[in-house]
Amino acid sequence: MNLEISRSEQKRRMKQLEKLVAELSSLPSSVIKHLPCAEEVRALFHEASTMKGGTRNRHIKYITKLLKDEPVDELYSFLSERKGVALQEKKEFHEVEYLREALLSEAIEQYREARHNHLELEEDWPSSVAEKICREYPGIDRILLTRLAWMYARTRNRKHSRELFRIIHAAHEQALFQAKTKEESSNGE
137 MNLEISRSEQ
147 KRRMKQLEKL
157 VAELSSLPSS
167 VIKHLPCAEE
177 VRALFHEAST
187 MKGGTRNRHI
197 KYITKLLKDE
207 PVDELYSFLS
217 ERKGVALQEK
227 KEFHEVEYLR
237 EALLSEAIEQ
247 YREARHNHLE
257 LEEDWPSSVA
267 EKICREYPGI
277 DRILLTRLAW
287 MYARTRNRKH
297 SRELFRIIHA
307 AHEQALFQAK
317 TKEESSNGE
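According to the numbering used here, the sequence shown is numbered sequentially starting from 137.
1) Any idea what DSSP makes of arginine 251, helix, strand or coil?
2) What residue range does the alpha helix (DSSP H) around arginine 290 cover?
3) Per DSSP, what kind of secondary structure is valine 208 in: helix, strand or coil?
4) Work out the CA separation of tyrosine 288 and glutamate 175 for me, nearest whole Å.
5) Are there 16 or more other CB atoms within 10 angstroms of the CB of glutamate 242, so buried, or fewer, so exposed?
6) Identify, in the order they occur along the chain, each residue of the same chain with its Cβ nearer than 8 Å to the Cβ of tyrosine 247, setting aside the five sequence neighbours on each side.
7) What is the DSSP secondary structure of isoleucine 141, counted as helix, strand or coil?
8) Buried or exposed, going by whether 16 or more other CB atoms sit within 10 Å of the CB of isoleucine 141?
9) Mapping the DSSP letters down to three states, classify cysteine 270 as helix, strand or coil.
10) Within a Cβ cutoff of 7 Å, which residues of the same chain sit near serine 165, ignoring the five residues on either side of it in sequence?
11) Select from Tyr273, Lys268, Val265, Glu259 the residue whose C-alpha is nearest the C-alpha of isoleucine 279.
Written out as C-alpha cells, the structure reads:
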C-alpha cells in the first residue's frame, strides 16, 4: 500500500536530501571517489567540492534533483560511517514522524466523515495506516494506535500525538536493536 505524501512532507524530504548532498560534497576528494553511487554522480560530487558560493548551491540542488527518485540509503550509511549517525537518526526520526502524521490525518478525516454522516467513530476504527505500521513493526499494538489517534481526532490534545510518536519510535528502536542483534549473532557464527 502506498501512502500519499503531502507537499510539505515532500519538501522536508527534499531538504533532507539536499543536506545529505551538501555533506557529501564537502568531503575530501579521496573520500568522494569511494561514494556508493554511479560514476557520473560521483563526478558531480567532486565538482561540487571545488565550488564556492551560489554556484556550489545550484550544483548541490542539481545533484539533489538527480537523486530524488534514487535509493539513497547507501549514501546515508556511507556518510554516517564518516560523519557519525546524526543524519541517519534524523532521517529515521522523520520517518517515524511521518507515520504518526499519516495516522493522525487519517483519524481526523474518518472522524469528520463520521460526524458528517451523523455517526460515531469507534475507538477501534479500521485504519489502513495503522495496519501498515503494524506490518512494519509487528510488536506494536494496533488497538492502542487507533485509540490514541481517535482521541487526538476528538480532542486535538497534543499529548495523544506525543504518545503516538513515543510508541512508534519505541517500536522503531526495538526493530533496529533486533536487526543489529541478529546481524551480530550471524557474524559471530
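Virtual Cβ for every residue (Gly too), placed ideally from N, Cα, C. In this text, all values refer to a predicted model and were calculated from it rather than measured experimentally.
Put simply:
1) helix
2) From DSSP, the alpha helix (DSSP H) with arginine 290 extends over 278 to 291.
3) coil
4) 48 Å
5) buried
6) Answer for tyrosine 247: Leu257, Trp286, Ala289, Arg290, listed in chain order.
7) coil
8) It is exposed - the Cβ of isoleucine 141 has fewer than 16 other Cβ atoms within 10 Å.
9) Cysteine 270: helix per DSSP, three-state reduction.
10) His182, Ser185
11) Glu259
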